[in-house]
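Here is the structure we will look at, set down as structure tokens.
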Amino acid sequence: MASSAKDIQLRELKDTISQLNMMMSEQTELIRSLRTIIEEKTAHEMVLQEQVDYLTKKLFGSSSEKTPADIPGQLNLFNEAEAEQDPELPEEDYSRELRPRKKKATHAELFKGLKVHKEVIPLNEEDKVCPVCGTPMERIGEEYVRRELVFTPAKCEVYEYYTESYGCPDCKEGKGDTEKSMIVKSKVPPALIGKGPASSSTVAWTIYQKYANGMPLYRQEKDWKEYGAAVSRTTLANWIIYSAEHYFRPLYDYFHRQLLQRKFLMADETRVQILKEPGRSAESQSFMWLYRTGEDGLPVILLYGYTPTRSGDNAADFLDGFQGYLETDGYQGYNKVSGIKQCSCWAHIRRYFVDAIPKGKQLDYNQPAVQGVHYCDRLARLESSISGKCGTDYEKRKQMRLEKEKPVLEAFWAWVDSQNPVRNSRLDKALTYVRNRRETSMTYLADGRCSFTNNPSENAIRPFTVGRKNWLFSDSVEGAEASAIAYTMVEMAKAHNLNIYQYLSYVLEQRPNENWSDEQLAELAPWSEKLQTLKI
10 MASSAKDIQL
20 RELKDTISQL
30 NMMMSEQTEL
40 IRSLRTIIEE
50 KTAHEMVLQE
60 QVDYLTKKLF
70 GSSSEKTPAD
80 IPGQLNLFNE
90 AEAEQDPELP
100 EEDYSRELRP
110 RKKKATHAEL
120 FKGLKVHKEV
130 IPLNEEDKVC
140 PVCGTPMERI
150 GEEYVRRELV
160 FTPAKCEVYE
170 YYTESYGCPD
180 CKEGKGDTEK
190 SMIVKSKVPP
200 ALIGKGPASS
210 STVAWTIYQK
220 YANGMPLYRQ
230 EKDWKEYGAA
240 VSRTTLANWI
250 IYSAEHYFRP
260 LYDYFHRQLL
270 QRKFLMADET
280 RVQILKEPGR
290 SAESQSFMWL
300 YRTGEDGLPV
310 ILLYGYTPTR
320 SGDNAADFLD
330 GFQGYLETDG
340 YQGYNKVSGI
350 KQCSCWAHIR
360 RYFVDAIPKG
370 KQLDYNQPAV
380 QGVHYCDRLA
390 RLESSISGKC
400 GTDYEKRKQM
410 RLEKEKPVLE
420 AFWAWVDSQN
430 PVRNSRLDKA
440 LTYVRNRRET
450 SMTYLADGRC
460 SFTNNPSENA
470 IRPFTVGRKN
480 WLFSDSVEGA
490 EASAIAYTMV
500 EMAKAHNLNI
510 YQYLSYVLEQ
520 RPNENWSDEQ
530 LAELAPWSEK
540 LQTLKI
């Protein structure tokens with residue numbers, strides 16, 4: 010009986026132990042689950058905080074992407090690049106040289122293009138008598154004292170054109186072979202635009218003020234009133250649109266044909282708002298594209314182009330017929346351009362790593378994002394040194410890139426493959442961006458004329474983005490297309506160091522049209538020998 014009671018008690022204890030083990034297992038699983046949730050929440054919170062820090066930096070922080078000066082002894086963290094190098098390759102000194110201080114320009118250099126008026130200050134009559142003996146003094150010379158820069162405000166004048174008429178007196182008296190009087194009138198050059206008062210100088214100045222200086226037409230309207238001419242902004246807009254379509258368009262199309270014959274191009278795009286676009290609301294975003302030639306040593310060509318959308322088909326249409334290397338940012342739409350070898354921009358790759366650096370960790374070399382930035386900086390320093398040594402010897406440039414930069418690139422990709430960032434973090438996005446461009450980021454090694462970054466095209470489109478802050482939007486599609494052509498003319502003049510206003514005036518005076526041949530249009534290109542007198 011007692012034995013039976015003990016068995017029952019033992020079974021109860023075993024059941025209790027089994028239940029406790031089950032409870033412990035459930036609790037362990039719950040703890041594991043909660044830990045997973047906490048880790049996910051913590052990671053999510055880190056990503057959100059990272060995003061807040063990133064947006065705060067973009068809103069209130071410095072826009073510069075420059076990193077602080079290197080700390081001595083820290084670059085040894087990146088010696089794997091050197092470890093990957095072949096020690097048999099010849100070494101060159103790539104240390105950064107201190108740039109000599111720029112020599113201060115003299116007044117003669119600053120004002121070399123200006124007319125100089127000599128102003129001699131005369132001596133008072135009473136001072137022309139010797140204060141010692143009273144003898145009249147003689148002029149023995151002059152002495153230079155200083156220069157002044159004098160500004161003469163712009164002025165408007167009205168030119169009225171009349172024809173001159175000549176009649177034959179003999180025909181008038183019936184002595185000639187005709188019964189009618191013979192009258193001949195002088196030929197007046199046709200008006201630039203219809204029957205309006207526009208001249209080459211006024212239109213060129215309007216375009217220069219808006220597209221080179223970013224002055225909206227409503228401000229120019231006030232300026233014209235100050236000069237004594239009541240010209241409305243509507244009239245100014247009509248001048249720009251008409252001139253762009255009738256006089257600048259043939260030259261723009263010529264530039265386009267020349268652009269497609271090159272082998273190295275760059276591209277970029279930015280938003281623009283059109284208020285009256287058929288079938289679209291005023292809030293819709295349209296796009297302005299920038300296409301320019303690369304750093305191939307030939308004359309620079311750059312073109313703006315307006316499209317209602319950002320579709321890659323727009324780039325494919327504009328570059329139809331181009332065969333060569335195309336340098337772009339990370340936008341995937343350029344993949345639709347056929348027949349090209351695409352190059353990715355290393356400045357954009359670096360920018361992603363800069364954005365991934367946690368707040369206040371710019372000098373923490375244990376941060377993967379900081380390491381990524383330093384790999385990019387290492388490549389940039391090598392690229393700068395190689396370009397300085399090789400100049401226009403592009404074959405040598407290619408060889409030195411392969412010798413010096415390729416080992417660093419191989420070490421960089423090995424480092425990228427070793428990273429395991431928090432999902433959806435800024436670093437994760439940076440590494441994803443880089444991995445997706447592994448192949449295209451190496452294309453620049455194939456030819457010494459390929460560019461390392463897309464910065465030239467970003468610099469070329471910046472005047473448009475700066476001007477957009479002033480005039481905000483275009484009223485119509487015609488206005489946006491005219492702006493694309495006008496910006497092209499202004500930036501082409503700027504790229505070739507021509508006086509922008511004088512170049513625009515000259516083209517308008519020549520009035521090219523669609524019947525002009527490429528040989529005639531080439532005479533109006535900013536690299537033409539005839540236009541070198543307009544250099545500034």
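When you number the sequence shown by my numbering, it's gap-free, plus one each residue, and the end is 545.
Glycine included, each C-beta is placed from N, C-alpha and C at the ideal position.
>> Buried or exposed for residue 413, going by 16 or more other Cβ atoms inside 10 Å?
In response: buried
> Would the beta-carbon of residue 482 fall within 8 angstroms of that of residue 284?
Replying inline: yes
>> Between which two residues does the beta strand (DSSP E) holding residue 298 run?
In response: 294-302
>> Just to confirm the assignment, what range does the alpha helix (DSSP H) spanning residue 327 have?
In response: 321-327
> With which residues is residue 273 paired in a DSSP beta bridge?
Replying inline: 334
> Where does residue 521 sit, in a helix, a strand or coil, going by DSSP?
Replying inline: coil
> What span of residues does the alpha helix (DSSP H) with residue 251 cover, start to end?
Replying inline: 242-252
> Hey, how far is the Cα of residue 529 from the Cα of residue 515?
Replying inline: 14 angstroms
> How about residue 148: is its Cβ closer than 7 angstroms to a heavy atom in the ligand GDP?
Replying inline: By its list of ligands, the structure shown contains no ligand whatsoever, and the ligand GDP lies outside what it can speak to.
> In three-state DSSP terms, what is residue 78?
Replying inline: The pLDDT assigned to residue 78 is 49, lower than 50, so where the model puts this residue is not dependable; a value taken from the coordinates is nonetheless given after this. DSSP places residue 78 in coil when its eight states are reduced to three.
> Starting from residue 546 and walking both ways along the alpha helix (DSSP H), at which residues does that stretch end?
Replying inline: For residue 546 there is no data in the structure shown, the boundaries of the chain being 10 and 545.
>> Using 8 angstroms for Cβ pairs, my map puts residue 279 next to residue 470. What's the rounded Cβ distance?
In response: 6 angstroms
> Based on Cα-Cα distance, which residue from 46, 224 and 52 lies nearest to residue 473?
Replying inline: 224
> So what does DSSP say about residue 388, is it helix, strand or coil?
Replying inline: helix
> What's the call for residue 362, buried or exposed, on a 16-neighbour Cβ count within 10 Å?
Replying inline: buried
> Where does residue 98 sit, in a helix, a strand or coil, going by DSSP?
Replying inline: Residue placement at residue 98 is flagged as unreliable, the pLDDT there being 38, under the threshold of 50; a coordinate-derived value is accordingly withheld.
> What is the rounded straight-line gap between the Cα of residue 542 and the Cα of residue 508?
Replying inline: 9 angstroms
>> In this structure, how does DSSP classify residue 145 when only helix, strand and coil are distinguished?
In response: strand
>> Rounding to the nearest angstrom, what Cα-Cα distance links residue 49 and residue 445 in this structure?
In response: 26 angstroms
> Where does residue 443 land, buried or exposed, given buried means 16+ other C-beta within 10 angstroms?
Replying inline: buried
> Which residue comes first and which comes last in the alpha helix (DSSP H) that contains residue 311?
Replying inline: It is not in any alpha helix (DSSP H) - residue 311 instead sits in the beta strand (DSSP E) that spans 311-316.
> Ordered along the chain, which non-local residues of its own chain (more than five positions away) have a Cβ less than 8 angstroms from that of residue 62?
Replying inline: 367 and 368
>> Which residues does DSSP list as the beta-bridge partners of residue 352?
In response: 336
> Can you tell me whether residue 346 is buried or exposed, with buried defined as 16 or more other CB within 10 angstroms of its CB?
Replying inline: buried
> Taking the alpha-carbon positions, what's the residue 430 to residue 422 distance?
Replying inline: 15 angstroms
> residue 13: buried (16+ other C-beta within 10 angstroms of its C-beta) or exposed?
Replying inline: exposed
> Closest to residue 456 by CA distance: which of 259, 222, 162 and 272 is it?
Replying inline: 272
>> Quick check on residue 428: does DSSP put it in helix, strand or coil?
In response: coil
> If you compare alpha carbons, which of 306, 440, 400 and 161 is closest to residue 427?
Replying inline: 440
> Cα-Cα, which of 57, 40 and 244 is closest to residue 8?
Replying inline: The question about residue 8 has no answer here: the residues shown for the chain are numbered 10 through 545.
> In this structure, does DSSP put residue 5 in helix, strand or coil?
Replying inline: Past the edges of the chain, shown from 10 to 545, lies residue 5, and the structure says nothing about it.
> Ends of the beta strand (DSSP E) at residue 193?
Replying inline: 192-194
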